[in-house]
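See below for the structure under consideration.
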Amino acid sequence: MTNLDIFDRIVTIMHHDYAGFMDKKDWDRPNFFRQQITNVLDINQLSDVIEDYLADFRDHHCYLYSPKQTELRMPFLTQRYQNSLYVVTTYDNKIPVGAQIIAIDRQPIEDLAEQFKRRLDSSIEHQEWSSILRKAQQVTLSDGSVIPIKLQQRTSATPRHKYHALSNTTGLLTLDDFASTIPMNQLLKQHGADLSHLDNLIIDVRKNGGGSDNVYYPLLNWLFPVDTTLDALFEHLDPDVVQETNYTPTNLRNRRHIFEEFAVKDDASEQTFLDTILSNLKMHMGAGLAYFADDPDDETDITGHKKPEHVYVLCDRYCGSSGDNFIHIVSASPKVTIVGRNSAGIIDYANVAAEVFPDFEFWYPTTRTTAIDQGKGVDNIGYAPDIHIPWTPDMLMSDVDLNYVLTKLIQ
4 MTNLDIFDRI VTIMHHDYAG FMDKKDWDRP NFFRQQITNV LDINQLSDVI EDYLADFRDH
64 HCYLYSPKQT ELRMPFLTQR YQNSLYVVTT YDNKIPVGAQ IIAIDRQPIE DLAEQFKRRL
124 DSSIEHQEWS SILRKAQQVT LSDGSVIPIK LQQRTSATPR HKYHALSNTT GLLTLDDFAS
184 TIPMNQLLKQ HGADLSHLDN LIIDVRKNGG GSDNVYYPLL NWLFPVDTTL DALFEHLDPD
244 VVQETNYTPT NLRNRRHIFE EFAVKDDASE QTFLDTILSN LKMHMGAGLA YFADDPDDET
304 DITGHKKPEH VYVLCDRYCG SSGDNFIHIV SASPKVTIVG RNSAGIIDYA NVAAEVFPDF
364 EFWYPTTRTT AIDQGKGVDN IGYAPDIHIP WTPDMLMSDV DLNYVLTKLI Q
């Protein structure tokens, strides 16, 4: 395939198979970006043009993924505070955590925020600057030093799934994703009895990149009171909301690829659930964007537990996709208090599929929630916490969110 063939294939998917193709009709500018495509572009240059095209849809579930992790990535991640960007994670010793960036390519952050306001969130605290930084040559720090930006290949960090007893009555559960049932099942098997004796459970999902909702369903037993059922919970949360699926042949093929690539190591019940989804896609293939009463539901059942008595969930803007859903669901429990900042807001369009190309995969959502039609969509907004703790640079020195829970909320 030529570079133009790849680009045009992605445009076709966004216009026909993407779940938001009707909601976002005419949002994109394919002809503008098509003019930038030539066969002399290398894979990283082509990826940059495609990512710029996709940015017009304002959907973080639309992106390019490299299974071999050969793509060039930013050497650091940032958080905006007032008119500076602070480095919160680094893979380059020339720009340490805590470094204060005041300009990109000698342009002040405030000026760039105005220039890119179409792409950046209106909430400063919720803004993601990586797509702007990766096209820059250099950044200026508050001490006047100028640091060149060198994109690099690197592997993704291993997600954490761990439990730590902070005291006899308080425990901390850290969950960096919901990608597989295996670590969750192992955690609950090993520490379920511990959870059942706690007065206070703190759950840290601030860096939860999502995965599948059915992964965290068993955990809900400890987060809701006795006699809670999933059916009653969902009826209370979203009584008039359903999830529509875009039933196209392309989506059937590309959803199957996702399942084959990522569900191989999961347990038999997970595989059965995924097979049910594929059967449903095949049964209704060609129906277009629709909802059918026979859409598959996970069969996990919960009953609720008396303990822990209090659950505190730490949330931030990196908690997205099924992480968003987790925040939404547990917020309905009288036992739960959400602390921190809004979740990512990457959930209105979900259940991604993958179109495979020689050097990368294009991931995009195949379902949409009808909450959008009711003005209740949360994409690029996220779910708000019960207690909002504004982000400040102090958070780079200590865990302000966790300390707040331990000193202000737990008696």
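Be aware that the sequence shown starts at 4, since it is given in our numbering, and climbs by one per residue. Every residue, glycine too, gets a C-beta built ideally from N, C-alpha and C.
Check	Outcome
With 9 Å set as the bound, which would you pick, yes or no: does the beta-carbon of MET77 sit closer than that to a beta-carbon of chain B?	Considering every chain present, this structure includes no chain B. It has just one protein chain.
Skipping 5 residues on each side, what residues in its chain have a beta carbon closer than 8 Å to that of VAL342?	TYR315, VAL316, LEU317, CYS318, PRO388, ASP389, ILE390, ILE392, ASP404, TYR407, VAL408 and LEU412
Would you grab the beta carbon distance between VAL355 and HIS64 for me? Rounded to a whole angstrom, and I think it's under 8 Å.	6 Å
Which of the three DSSP states, helix, strand or coil, is assigned to LYS192?	helix
Have a look at GLU54 and LEU75 and give me their C-alpha separation to the nearest angstrom.	13 Å
Among TRP225, ASP51 and ASN6, whose alpha-carbon lies nearest the alpha-carbon of LEU191?	TRP225
Return the bridge partner residues of GLY174 from the DSSP annotation.	ALA168 and LEU204
To the nearest whole angstrom, what separates the beta carbons of TYR321 and ALA353, a pair I think is in contact under 8 Å?	With a Cβ gap of about 17 Å, TYR321 and ALA353 do not count as contacting.
Quick check on DSSP: helix, strand or coil for VAL244?	coil
For the candidate residues LEU154, ILE98, ILE127 and ALA196, whose alpha-carbon lies nearest to that of TYR84?	ILE127
Can you give me the Cβ contacts of ALA182 inside the same chain, cut-off strictly under 6 Å, excluding the 5 residues immediately before and after it?	GLY214
Going by DSSP, name the residue or residues bridged to LEU88.	ARG83 and ILE104
Under three-state DSSP, which class holds THR275?	helix
Going by beta-carbon coordinates alone, are HIS129 and ILE332 separated by less than 9 Å?	no
Return the Cβ separation of ALA168 and ASP202 in integer angstroms, given the expectation that the two are a contact with Cβ distance under 8 Å.	Actually they do not touch by this definition, with Cβ atoms about 12 Å apart.
Just confirm the distance between the C-beta atoms of PRO99 and THR92, as a whole number of angstroms; I'd bet it's less than 8 Å.	With a Cβ gap of about 11 Å, PRO99 and THR92 do not count as contacting.
In whole angstroms, what separates the C-alpha of ASN217 from that of ILE350?	15 Å
So what's HIS331 in DSSP terms, helix, strand or just coil?	helix
Beta carbon of PHE10, beta carbon of PHE35: below 9 Å?	no
For TYR21, write down the residues that DSSP places opposite it in a beta bridge.	TYR21 pairs with nothing; no bridge assigned.
Return the Cβ separation of ASN328 and LEU292 in integer angstroms, given the expectation that the two are a contact with Cβ distance under 8 Å.	20 Å between Cβ atoms; not a contact.
Between which two residues does the alpha helix (DSSP H) harbouring ALA58 extend?	46–58
Between SER87 and ILE105, is the Cβ-Cβ spacing less than 9 Å?	yes
Beta-carbon within less than 7 Å of ALA497's beta-carbon, same chain only, minus the 5 sequence neighbours each way: which residues are those?	The requested residue 497 is not part of the displayed model; the chain covers only 4 to 414.
Taking only the alpha-carbon atoms, compute the straight-line gap between ASN171 and HIS200 and give it to the nearest angstrom.	9 Å
First and last residue of the alpha helix (DSSP H) that includes PHE36?	33–37
Once the 5 residues before and after PHE360 are set aside, which same chain residues still bring their CB inside 6 Å of it?	ILE9
Distance check for LEU136 and PHE119, CA to CA, integer angstroms please.	12 Å
Check the C-beta distance from GLY101 over to LEU399 and give it rounded, since I have them as a contact under 8 Å.	5 Å
Assuming THR410 and ALA22 make a contact with CB atoms under 8 Å, what is their CB distance in whole Å?	THR410 to ALA22, Cβ: 44 Å. No contact.
Could you tell me the alpha carbon to alpha carbon distance between ILE185 and LEU7, rounded to whole angstroms?	41 Å
Identify which residue in TRP30, LEU154 and LYS285 has its Cα closest to the Cα of ARG121.	TRP30
If I measure Cβ to Cβ from VAL223 and keep anything under 6 Å in the same chain, skipping five residues before and after, which residues do I get?	According to the sequence as given, residue 223 is Leu; it is not Val. Closer than 6 Å at the Cβ level, and outside the excluded window around LEU223, lie ILE305.
Looking at the structure shown, is HIS287 part of a helix, part of a strand, or coil, going by DSSP?	coil
Counting only the same chain and skipping the five closest in sequence on each side, list residues whose C-beta sits under 6 Å from that of GLN246.	THR370 and THR372
Taking the beta carbon of ASP382 as the centre, do at least 16 other beta carbons fall within 10 Å, making it buried, or is it exposed?	buried
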